[in-house]
Amino acid sequence: MARLPESDPFDFLAAAFARTRGRDPVTATSLADLVTYLPCDLMTKVDIASMANSLECRQPFLDHHVVELAAAMPLRLKYRFGRGKRILIDTFSDLLPRSVRRRAKMGFGVPLGHWFRHELRDFTRDVLLDERALGRGYFRPEVIRNLVDDHQQGRYDHSYRLWALMVLELWQREWLDKQAGKS
Numbered sequence: 001m002a003r004l005p006e007s008d009p010f011d012f013l014a015a016a017f018a019r020t021r022g023r024d025p026v027t028a029t030s031l032a033d034l035v036t037y038l039p040c041d042l043m044t045k046v047d048i049a050s051m052a053n054s055l056e057c058r059q060p061f062l063d064h065h066v067v068e069l070a071a072a073m074p075l076r077l078k079y080r081f082g083r084g085k086r087i088l089i090d091t092f093s094d095l096l097p098r099s100v101r102r103r104a105k106m107g108f109g110v111p112l113g114h115w116f117r118h119e120l121r122d123f124t125r126d127v128l129l130d131e132r133a134l135g136r137g138y139f140r141p142e143v144i145r146n147l148v149d150d151h152q153q154g155r156y157d158h159s160y161r162l163w164a165l166m167v168l169e170l171w172q173r174e175w176l177d178k179q180a181g182k183s
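For the sequence shown, counting from 1, position 166 maps to 166 in the working numbering; every step adds exactly one.
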């Protein structure tokens, strides 16, 4: 079996944070995100989502002049009561409805609830209600059946519980069952 070269996955983050010495923790984290999380995760998602809809997106706040200005500003100008984007909200408050100004941040949501009820409905049942999964003894089978049924019939949103159970079961199949010759 081929192996990845020996490396510490934290070296990547350590290098990003090393470049932020002397900054307050919030600014240091923001600058580290700028060279790790943004290009390796968020911008990739924006690119995929926009291309899927024939859109070309730009990120004007990532212009190096804007980033340098923001990094040089004191923290008290950027945050109020633990909430970021203070400068933007103050600058455009007369243009933005109150509901937008007060709304919490929204990330890239994954429609797990919908998928487990529709596109992944059968797959979810096949994985979680399989004899092998129910027979592992970690959880009471009737509880797992109820979670799946309640979610798929729209009585409750158990998206995150089902996701955790799916990841656990599929991980066990990939790493434990295959090693034990049970695949």
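Backbone N, C-alpha and C define an ideal beta-carbon position, used for all residues, glycine too.
- Three or more beta-carbon pairs separated by less than 8 Å link the segment 125-142 to the segment 159-166, which places the two stretches in contact.
- R80 has R83 as its beta-bridge partners, per DSSP.
- The beta carbon of A16 sits closer than 6 Å to the beta carbons of A32, V35, T36 from its chain, once the five residues preceding and following it are set aside; these are given in chain order.
- With respect to the C-alpha of H151, the residue from F108, F139, T124 having the closest C-alpha is T124.
- With fewer than three CB-CB distances shorter than 8 Å, the segment 59-66 does not count as touching the segment 92-105.
- Apart from the 5 residues on each side of it in sequence, L170 sits with its Cβ closer than 8 Å to the Cβ of V127 in its chain, given in chain order.
- Restricting attention to L95, Y156, R86, the CA atom closest to the CA of L112 is found in Y156.
- A residue is called buried when at least 16 other Cβ atoms come within 10 angstroms of its Cβ; V148 meets this threshold and is buried.
- Assigned with DSSP and collapsed to three states, H118 falls in coil, not helix or strand.
- Look at D150 here: in three-state DSSP terms it is helix.
- With contacts defined by Cβ atoms closer than 8 Å, I87 and L77 form a contacting pair.
- Linking A72 to G82 through their CA atoms gives a straight-line distance of about 19 Å.
- Within the same chain, C57 come within 8 Å of D47 by CB-CB distance, once the 5 residues on both sides are set aside.
- One alpha carbon belongs to W115, the other to R21, and they sit about 43 Å apart.
- In terms of Cα proximity to P74, the closest of N146, K182, D24 is D24.
- Burial state of S50 is exposed, judged by a 10 Å Cβ sphere holding fewer than 16 other Cβ atoms.
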